[in-house]
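Accompanying notes for the structure given below.
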Amino acid sequence: MRYCIEQTRALAKALLRVLEMIGMKALVLEQQMKLSLREFKIEETLGDGDVEIAIKRVGICGSDIHYYTNGKIGPFVVKEPMILGHEGAGVITRVGSDVKHLKVGDRVCMEPGIPMSFSKSMKEGHYNLDPDVRFWATPPIHGITRESVIHPAGFTYKLPDNVSLAEGAMVEPLAIGFQAIHKAQIFSGDTAVVTGAGTIGLMIVLAALTQGCRKIFVVDISAEKLAIAKAIDPRVIPILASNGNESIIKEVLLQTNGQGAEVVFEASGSAAVNEYLIDLLAPAGKLVYVGMPSRPVSLDVVKAQAKEVSMYTVFRYANMYERAIASIAAGLIDVKPLITHTFAFDQAIEAYEFAASPSGPVVKIQISLE
Ligand SMILES: [Zn+2]
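For reference, each letter of the sequence shown is one residue, going 3 to 372 in the numbering used here.
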């Protein structure tokens with residue numbers, strides 16, 4: 003009898019799950035280099051602590067482009083069709099019965115990585131390092147370039163009235179910039195170098211400026227990207243990398259009384275920059291790795307020891323969303339100039355084709371579902 007009840011319950015649950023299979027239009031990476039914009043069925047149930055969000059903006063990240071062009075990032079391989087995108091903002095359409103801080107109609111942005119266990123990392127507050135973390139658009143987890151998503155309310159943040167949905171979708175990359183400056187513990191009056199003027203490099207620049215950085219050298223091979231960096235603030239000093247390593251070192255030393263910078267942030271993911279990063283640092287300087295090189299890099303350890311360089315690494319972020327949103331709302335950070343392109347949802351495939359081989363000054367490309 004008891005067995006029978008349990009079986010019936012299981013059957014009812016399964017049936018309910020089928021009913022909850024939500025069909026919606028989505029941008030799907032079918033396989034490497036093959037995208038389609040089509041109807042997609044997703045199994046998502048609104049739990050008591052969840053909210054449902056109508057997606058309005060999604061940024062295209064370097065990782066999305068990488069999955070599109072290469073079909074994998076390190077151990078993460080796209081084996082089944084996967085919806086791309088993890089930098090999102092939208093409007094709440096449903097709330098679970100336990101949700102107190104959000105209501106239908108609220109404009110929100112969402113943190114894409116959800117820790118799944120009471121691991122050591124989770125308990126210590128480094129939930130980004132939880133071994134079972136589920137992160138949008140990282141196989142096999144679907145992303146959010148789609149009409150709606152169900153997400154834990156605890157990882158969903160209300161946007162203040164003066165922060166737009168487009169800015170809300172920039173909070174995700176900005177959180178990485180915040181994680182980087184948190185690691186570096188920058189102080190007012192410090193000088194920093196950022197290698198790589200892509201979205202993440204520029205987010206580090208924005209975050210470092212809020213800490214009172216005196217000068218920030220930005221190194222990149224693209225003059226167009228450097229021009230965007232320069233326009234952020236007069237304290238930004240662009241350095242064109244194509245003039246060679248020696249000229250980069252010379253420029254930084256010349257403008258720091260021969261001392262070098264207190265902090266170097268690596269945000270290009272280029273393996274080659276490691277040939278000169280230590281040369282840019284002042285004694286007891288800090289080196290923060292944010293970019294992800296596609297192959298192992300070699301580093302002159304003795305050179306680093308002679309300066310007692312401290313090294314840090316950054317993997318996504320933890321506890322940075324509220325700070326990032328508050329900084330935008332307070333006018334401390336302006337992410338708007340970095341949103342260089344916006345495509346309509348119907349043009350999502352074109353957006354990715356453009357992102358994979360961009361022309362002209364491009365920083366952040368967003369897809370609008372508004
Ligand atoms: Zn991203």
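We put the CB at the ideal spot given by N, CA and C, even for glycine.
Note that the coordinates shown come from a computational prediction; the quantities given were computed from them, not determined experimentally.
What span of residues does the alpha helix (DSSP H) with residue i cover, start to end?
| i | result |
| --- | --- |
| Ile330 | Tyr323 to Ala331 |
| Val207 | Thr201 to Thr212 |
| Tyr70 | Gly64 to Asn72 |
| Ser249 | Asn247 to Leu256 |
| Ile351 | Ala350 to Ala358 |
| Ser123 | Lys122 to Lys125 |
| Glu169 | Leu167 to Gly170 |
Can you list, in chain order, the residues of its chain with a C-beta nearer than 7 Å to that of residue i? Leave out the 5 residues immediately preceding and following it.
| i | result |
| --- | --- |
| Glu82 | Pro142 |
| Val173 | Cys111, Tyr323, Ala326 and Ile327 |
| Ile75 | Ser65, His68 and Tyr69 |
| Val238 | Val207, Ile218, Val220, Ala231 and Lys232 |
| Ala273 | Pro295, Arg297 and Val299 |
| Ala306 | Ile280 |
Around the Cβ of residue i, are there at least 16 other Cβ atoms within 10 angstroms (buried) or fewer (exposed)?
| i | result |
| --- | --- |
| Phe189 | exposed |
| Thr315 | exposed |
| Gln187 | exposed |
| Gln181 | buried |
| Phe267 | buried |
| Asn259 | exposed |
| Asn130 | buried |
| Asp222 | buried |
| Leu334 | exposed |
| Glu41 | exposed |
| Lys366 | buried |
| Pro236 | exposed |
| Pro114 | buried |
| Leu161 | buried |
| Val106 | exposed |
| Gly179 | buried |
Using 9 Å as the threshold, is the C-beta distance between residue i and residue j below it?
| i | j | result |
| --- | --- | --- |
| Asn183 | Ile206 | Per the sequence shown, residue 183 should be read as Ile rather than Asn. Cβ atoms of Ile183 and Ile206: closer than 9 Å. |
| Thr158 | Val53 | yes |
| Asp132 | Met112 | no |
| Leu176 | Met294 | no |
| Leu371 | Leu204 | no |
| Ala28 | Thr197 | no |
| Gly51 | Asp100 | yes |
| Ile250 | Leu282 | yes |
| Tyr319 | Asp66 | no |
| Val292 | Ala269 | yes |
| Ala284 | Lys309 | yes |
| Lys232 | Pro240 | yes |
| Cys215 | Ala199 | no |
| Ala375 | Leu167 | In the structure displayed, the chain extends from 3 to 372; residue 375 sits before or after that span and is not available. |
| Arg59 | Ala155 | no |
| Thr212 | Ser329 | yes |
| Ile57 | Glu149 | yes |
| Glu2 | Gly127 | No answer is possible for residue 2: the residues shown for the chain start at 3 and end at 372. |
| Leu31 | Leu37 | yes |
| Val254 | Gly262 | yes |
| Ile55 | Thr95 | yes |
Please work out which residues of its chain come closer than 6 Å, Cβ to Cβ, to residue i, disregarding the five sequence neighbours upstream and downstream, and give them in chain order.
| i | result |
| --- | --- |
| Gly145 | Ile85, Leu86, Gly87, His88, Trp138 and Ala139 |
| Lys288 | Ala186, Val265 and Ser312 |
| Gly271 | Gly293, Met294 and Pro295 |
| Gly49 | Gly98 |
| Leu301 | Asn276 |
| His343 | Ile367 |
| Gly61 | Glu89, Ala171, Lys366 and Gln368 |
| Asp134 | Met118 and Ser119 |
| Val290 | Ala182, Lys185, Ala186, Phe267 and Tyr314 |
Strictly by DSSP, which residues pair up with residue i?
| i | result |
| --- | --- |
| Glu268 | Thr197 and Tyr291 |
| Val151 | Ile55 |
| Arg40 | Ala28 |
| Val238 | Ile218 |
| Leu283 | Ala263 |
| Ala91 | Arg59 and Cys111 |
| Lys309 | Bridge partners of Lys309: none, in fact. |
| Gln34 | Paired residue(s): none; Gln34 is not in a bridge. |
| Tyr374 | The structure shown has nothing for residue 374, since the chain only spans 3 to 372. |
| Thr2 | Summary: the structure shown does not reach residue 2, with the chain confined to residues 3 through 372, and so no result is reported for it. |
| Thr315 | Tyr291 |
| Phe78 | Ile75 |
Nearer than 8 Å: is that true of the beta carbon of residue i relative to any heavy atom of ligand 3?
| i | result |
| --- | --- |
| Pro175 | The ligand content of the structure shown is limited to ligand 1, which means ligand 3 is not among them. |
Provide the residue span of the beta strand (DSSP E) that contains residue i, from first to last.
| i | result |
| --- | --- |
| Glu226 | First-last for Glu226: Ala225 to Ile234, but that is the alpha helix (DSSP H), not the beta strand (DSSP E). |
| Ser99 | Run containing Ser99: none; DSSP gives neither H nor E here. |
| His184 | No beta strand (DSSP E) contains His184, which is instead part of the alpha helix (DSSP H) from Val173 to Ala186. |
| Ala346 | Ile341 to Ala346 |
| Gln368 | Lys366 to Ser370 |
What residues in its chain sit with their C-beta under 8 Å from that of residue i, if we drop five residues either side in the sequence?
| i | result |
| --- | --- |
| Thr71 | Gln34, Met35 and Ala358 |
| Glu46 | Glu22, Ile24, Val151 and Ile152 |
| Ile351 | Leu29, Leu37, Ser38 and Leu39 |
Does any CB atom of chain B fall closer than 9 Å to the CB of residue i?
| i | result |
| --- | --- |
| Ser312 | In the structure shown, chain B cannot be found, because there is only a single protein chain. |
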